[in-house]
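In what follows, a single structure is set out as structure tokens and then discussed.
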Amino acid sequence: MSEGTISSGWDVLDASHEALRTAVRAVPADGWDLPTPCGEWTVTQVFQHAVGDQIGFAAALTGEPGPDFDPFAPSGELEGADPAVLLEDALARAAKAWAGVDRDTAEVPVPVPPHRLSPWSGSAACGLDAAVHAWDIARATGRPSPLTPESARPLLEVAREIVEPLRPYGAYAAALAPEQGDDDVADLLRYLGRDPHWTAPRGDDGGRG
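Under the working numbering, the first residue of the sequence shown is numbered 168, with each subsequent residue one higher.
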């Protein structure tokens, strides 16, 4: 983990937070309007969505206020805000919330169906959101994938637990068919409706569409 960051105590979540942190730090100044693998969203919109979701997971556990915007309708405008500060605030909220979870409890509240999961599954679901959007941002900005086969395996496990009820709402696209030579990372991405080999359309200047 990066120096000075807060650990949740959950390995999958902490690794996913670090992946998102690394991807966001690597966004160049002119990279925030680039297209991403995440539907029609720009890097800024994916970033805003990821920040909002981490706050949402924290709020489900603590009862504190959730994000002050709709993570599923991100504006795409940072309006002078420092992305690093926004991200660290969201990750700290989530990490602190999960650090306070009793591992022996049967279920904890989460902001996604079925709205209650085991502590491990809940923390991994929070991590899944961070990790996949770390991949979106890294891919959009031409950076190496932040996902590894080791990190992808538990993420796919929790994805199979929570993703299907979310597809009808557009949170995840339909799963893509596996292809010969796929590794664990590709299996995860295809299950989440993402092409592991996605590249930005040539001549696309960002924006939605």
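Built from N, CA and C at the ideal position, the CB exists for glycine as well.
{"Asked": "Ends of the alpha helix (DSSP H) at Asp-220?", "Found": "210-229"}
{"Asked": "Nearest to Pro-250 by CA position, among Leu-284, His-282, Asp-350 and Gln-215, is which residue?", "Found": "Gln-215"}
{"Asked": "Using 8 Å as the threshold, is the C-beta distance between Ala-307 and Leu-187 below it?", "Found": "no"}
{"Asked": "Ignoring anything shorter than 4 residues, give me the alpha helix (DSSP H) runs that lie fully in the stretch 227-290, in order along the chain.", "Found": "250-266"}
{"Asked": "To the nearest angstrom, how far is the alpha carbon of Glu-328 from that of Ala-266?", "Found": "22 Å"}
{"Asked": "Looking at Ala-217 and Ala-297, is the spacing between their C-beta atoms short of 8 Å?", "Found": "yes"}
{"Asked": "In the DSSP assignment, find the alpha helix (DSSP H) that holds Thr-189 and state where it starts and stops.", "Found": "178-192"}
{"Asked": "Three or more beta-carbon pairs under 8 Å between the stretch 236-253 and the stretch 310-328, yes or no?", "Found": "no"}
{"Asked": "Under 8 Å by Cβ, that's how I've got Glu-274 and Ser-285 pegged, so tell me the actual separation to the nearest angstrom.", "Found": "6 Å"}
{"Asked": "Counting only the same chain and skipping the five closest in sequence on each side, list residues whose C-beta sits under 7 Å from that of Pro-316.", "Found": "Asp-350, Asp-351 and Val-352"}
{"Asked": "Classify Pro-202 as helix, strand or coil using the three-state DSSP reduction.", "Found": "strand"}
{"Asked": "Identify whether Pro-313 lies in helix, strand or coil by the three-state DSSP scheme.", "Found": "coil"}
{"Asked": "Expressed to the nearest angstrom, what Euclidean distance is found between the alpha-carbon atoms of Glu-231 and Ala-257?", "Found": "13 Å"}
{"Asked": "Do Cys-205 and Val-213 have their C-beta atoms closer together than 8 Å?", "Found": "yes"}
{"Asked": "Looking only at its chain, what residues have a beta carbon closer than 6 Å to the beta carbon of Val-268, apart from the 5 residues adjacent to it on each side?", "Found": "Val-275 and Pro-286"}
{"Asked": "Leaving aside the five residues before and after Gly-243 along the sequence, list all residues of the same chain whose C-beta is less than 6 Å from its C-beta, in chain order.", "Found": "Thr-209, Thr-211 and Gln-212"}
{"Asked": "Assign Glu-185 to buried or exposed, taking buried as 16 or more other Cβ atoms, counted over all protein chains shown, within 10 Å of its Cβ.", "Found": "buried"}
{"Asked": "Is DSSP giving Ile-457 helix, strand or coil here?", "Found": "Here the chain has residues from 168 to 376 only, and residue 457 is not among them."}
{"Asked": "Should Ala-261 go down as buried or exposed, given a rule of 16 or more other Cβ atoms within 10 Å for buried?", "Found": "buried"}
{"Asked": "Check each candidate in Thr-172, Ser-288, Pro-332 and Leu-314 and name the one with the smallest Cα separation from Asp-354.", "Found": "Leu-314"}
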